[in-house]
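**Student:** In our numbering, the protein residues as written are 478 to 790.
Here it is, the structure, as structure tokens.
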Amino acid sequence: MPVSATPPAPKHFLQFSDFSREEFDHLIARTRWIKDRFKRYELYQPLRDRTLAMVFEKASTRTRVSFEAGMNQLGGIAINLNRGDTQLSRGEPIEDVARVISRMVDVVMIRTFEQSIIERFAMHSRVPVINGLTNEYHPCQILADVYTYVEHRGSIRGKTVAWIGDANNMCYTWLQAAAVLGFKVHVSSPAAYAVDPGRAGATAPGHWAAFADPAAACRGADLVTTDVWTSMGFESENDARKRDFANWMVDAPMMALAKPDALFMHCLPVHRGEEVAADVIDGPQSVVWDEAENRLHAQKALLEYLVCGHVSP
Ligand code: CP
């Protein structure tokens, strides 16, 4: 190909609804296969000589480690770019950063603020772009969460997920996942923080319902999940949120209203005694450590899919 030729438009994972149910079925099957091989210490390196650039405009532990370790395990390398170390911090336009980085690497992961930033990057990128968290969505986390549910309980289709607390990027990504994969989300947030039905395709009928009472939202649920009351970027609201969300802590009485075999998930980091009681997150229904580990395996399947296409075992 001549050096200046424009390659075909790449596939991106900017929000959960970018992929079809069939693509998620493929990713879940590949995650299981890749995880099983990894647990048997069998090398699987389809991304040899491939490079991932990771751009972080916000803090991270799980996303950073899982993408870097995953890329290394697949035979490639990952380059970490913190905003303060790049020309982004000195005003270089995101479009120019995208044009340059995507001529040098094979795939890009970005954690940033507004969704519009990652969309502008993707529009000018020659290679696939992955959303590693924006203010609006966290699709890699929900991919791992859905895989974790499937691993423990089988298909999530037709099940009920109770989302208790802030209607944040995790909540909206669960709503997208429900519409794509065919399950239901019960959302309970304080009235002043209520879910916006116009966002995230949340108007899809039959896939979500709002509850004023968090206990009512948990009743009959197959999975109860929550997140911190104050997401990154909203720290100035912390004191007000602690007051406003005081009745939205997931505790043992709430879990008792869910199905007897219901799971508890939290994307972490957690504030025990705020959004969840310690005896729930550290209790027998909690799968949060599997959930965190599965970021690694699910994102390896995602990287394989975006870089290599539809790989069969
Ligand atoms: N859950 C999650 O995205 O964790 P980090 O913020 O540590 O990456």
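No residue lacks a Cβ here, since even glycine has one placed at the ideal position from N, Cα and C.
Any idea what DSSP makes of ASN559, helix, strand or coil?
**Tutor:** Three-state result, ASN559: strand.
**Student:** Candidates VAL757, VAL542, LEU740 and TRP685: which alpha carbon is nearest VAL747's?
**Tutor:** Out of VAL757, VAL542, LEU740 and TRP685, VAL757 has the C-alpha closest to the C-alpha of VAL747.
**Student:** Kindly indicate the opening and closing residues of the beta strand (DSSP E) around ILE587.
**Tutor:** Segment 584-588, the beta strand (DSSP E) holding ILE587.
**Student:** Between the alpha carbons of ARG597 and LEU658, how many angstroms are there, rounded?
**Tutor:** ARG597 and LEU658: Cα-Cα distance of roughly 27 Å.
**Student:** For SER537, is the beta carbon positioned less than 7 Å from some heavy atom of the ligand CP?
**Tutor:** For the ligand CP, at least one heavy atom lies less than 7 Å from the Cβ of SER537.
**Student:** Starting from PHE598 and walking both ways along the alpha helix (DSSP H), at which residues does that stretch end?
**Tutor:** That run of the alpha helix (DSSP H) goes 592-600.
**Student:** Since ASP704 and MET647 should fall inside the 8 Å C-beta cutoff, what is the C-beta to C-beta distance between them, to a whole number of angstroms?
**Tutor:** Contact flag correct, Cβ pair sits at about 5 Å.
**Student:** What is the DSSP secondary structure of THR702, counted as helix, strand or coil?
**Tutor:** Here THR702 sits in strand by DSSP.
**Student:** So, using beta-carbon positions, are MET531 and ILE556 closer together than 8 Å?
**Tutor:** Taking 8 Å as the Cβ cut-off, MET531 and ILE556 qualify as a contacting pair.
**Student:** Along the chain, where does the alpha helix (DSSP H) that runs through TRP510 open and close?
**Tutor:** That run of the alpha helix (DSSP H) goes 498-516.
**Student:** Return the residue from the list PRO523, LEU491, GLU781 and ILE578 that minimises the CA-CA distance to LEU610.
**Tutor:** The shortest Cα separation from LEU610 among PRO523, LEU491, GLU781 and ILE578 belongs to LEU491.
**Student:** For ASP514, which residues of its own chain have a beta-carbon under 7 Å away from its beta-carbon, when the five flanking residues on both sides are left out?
**Tutor:** The displayed chain sequence assigns Arg, not Asp, to residue 514. TYR521.
**Student:** Cα separation between GLU569 and SER543?
**Tutor:** Going from the Cα of GLU569 to the Cα of SER543 covers about 28 Å.
**Student:** Compute the distance between the beta-carbons of GLN550 and LYS777, then report whether it is under 8 Å.
**Tutor:** Going by C-beta atoms, GLN550 is nearer than 8 Å to LYS777.
**Student:** Measure from the alpha carbon of ASP767 to the alpha carbon of each residue in ARG517, ALA739, MET548 and ALA621, then state which is nearest.
**Tutor:** Among ARG517, ALA739, MET548 and ALA621, the Cα nearest to that of ASP767 is on ALA621.
**Student:** In its own chain, which residues sit with a C-beta less than 8 Å from the C-beta of SER632, not counting the 5 before and 5 after it?
**Tutor:** Around SER632: no qualifying Cβ.
**Student:** Can you find a C-beta in chain B that's less than 8 Å from the C-beta of ASP716?
**Tutor:** In summary, chain B is missing from the structure at hand, where a single protein chain is found.
**Student:** Quick one: which unbroken alpha helix (DSSP H) runs of 4-plus residues sit fully inside the segment 690-747? Chain order, please.
**Tutor:** Counting only runs of 4 or more, we get 691-695, 715-721 and 729-734.
**Student:** State buried or exposed for TYR614, treating a residue as buried only when at least 16 other CB atoms are found within 10 Å of its CB.
**Tutor:** The residue in question, TYR614, is buried, as its Cβ has 16 or more Cβ neighbours within 10 Å.
**Student:** What would DSSP say about PHE493, mapped onto helix, strand or coil?
**Tutor:** DSSP places PHE493 in helix when its eight states are reduced to three.
**Student:** Mapping the DSSP letters down to three states, classify THR637 as helix, strand or coil.
**Tutor:** Strand at THR637.
**Student:** Helix, strand or coil for PHE533? Go by DSSP, reduced to three states.
**Tutor:** PHE533: strand per DSSP, three-state reduction.
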